[in-house]
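In the numbering used here, the protein residues as written are 154 to 364.
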């Protein structure tokens with residue numbers, strides 16, 4: 154059921170606190186509109202776990218031929234990842250914007266070289282970093298729980314509009330990545346909690362009731 158964490162209402166699912174944005178926000182990527190801009194905008198690379206970094210380094214030969222020349226140079230000089238100013242492990246960026254795993258398809262559509270290799274069966278079960286698969290959801294880990302939040306960004310406006318047009322909510326759009334990360338039981342519990350919340354309050358009901 155909804156609980157209140159400081160001033161934010163959240164859903165408690167096992168050892169996570171989930172923002173109601175996952176229930177209320179409509180979202181479905183529209184690559185034809187955004188061209189994958191989330192992979193090339195921002196001031197740092199994608200967050201990584203040490204295990205993901207090691208797996209990517211091991212699989213590098215499987216997708217190295219797709220990388221931009223500047224990315225190959227950066228990897229040779231500084232490796233595939235670095236610690237950002239907050240001390241978090243992230244992917245390298247090049248040309249002031251591109252994640253080193255960025256590649257481009259026809260029409261300037263940004264793609265992930267790792268995911269392209271995965272789709273060709275070259276990386277086994279590893280598709281891409283979990284932070285990329287889960288985006289626009291971001292995870293923040295605390296000693297006793299994990300916060301699951303929606304990262305609102307203007308470049309995803311087209312995804313919000315497309316989701317509303319299609320009737321797809323954020324938690325539904327991310328069913329695969331959320332299930333992969335947290336497990337089927339966790340996702341089933343999330344769906345049950347969200348459905349109960351929407352049935353009782355509708356969109357934004359808890360927030361409106363506090364104003």
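Each residue gets a CB set at the ideal place from its N, CA and C atoms; glycine is no exception. Computed from a prediction, not measured in an experiment: that's the story for all the values here.
What separation, rounded to the nearest whole angstrom, lies between the Cα atoms of residue i and residue j?
i, j, result
"residue 241", "residue 295", "14 angstroms"
"residue 200", "residue 349", "33 angstroms"
"residue 184", "residue 208", "27 angstroms"
"residue 174", "residue 239", "25 angstroms"
"residue 288", "residue 312", "12 angstroms"
"residue 298", "residue 246", "30 angstroms"
"residue 271", "residue 228", "20 angstroms"
"residue 354", "residue 167", "22 angstroms"
"residue 216", "residue 280", "12 angstroms"
"residue 336", "residue 204", "18 angstroms"
"residue 251", "residue 352", "42 angstroms"
Would residue i and residue j qualify as a contact pair, given that the criterion is a beta-carbon distance under 9 angstroms?
i, j, result
"residue 169", "residue 198", "no"
"residue 303", "residue 290", "yes"
"residue 323", "residue 176", "yes"
"residue 367", "residue 343", "The chain is shown only over 154 to 364; residue 367 falls outside these bounds and no answer can be derived."
"residue 193", "residue 263", "yes"
"residue 346", "residue 221", "no"
"residue 286", "residue 254", "no"
Could you name the residues that DSSP lists as bridge partners for residue i?
i, result
"residue 302", "291"
"residue 166", "169"
"residue 264", "256"
"residue 251", "247"
In three-state terms, what does DSSP make of residue i?
i, result
"residue 242", "strand"
"residue 324", "helix"
"residue 314", "helix"
"residue 200", "strand"
"residue 332", "helix"
"residue 219", "helix"
"residue 193", "coil"
"residue 225", "helix"
"residue 181", "coil"
"residue 278", "coil"
"residue 273", "coil"
On the DSSP letters alone, give me the boundaries of the beta strand (DSSP E) that residue i sits inside.
i, result
"residue 212", "First-last for residue 212: 203 to 216, but that is the alpha helix (DSSP H), not the beta strand (DSSP E)."
"residue 235", "234 to 236"
Kindly indicate the opening and closing residues of the alpha helix (DSSP H) around residue i.
i, result
"residue 344", "337 to 354"
"residue 175", "174 to 177"
"residue 187", "184 to 187"
Cβ-heavy atom distance between residue i and the ligand SAH below 8 angstroms?
i, result
"residue 345", "Looking for the ligand SAH in the displayed structure turns up nothing, as the structure carries no ligands at all."
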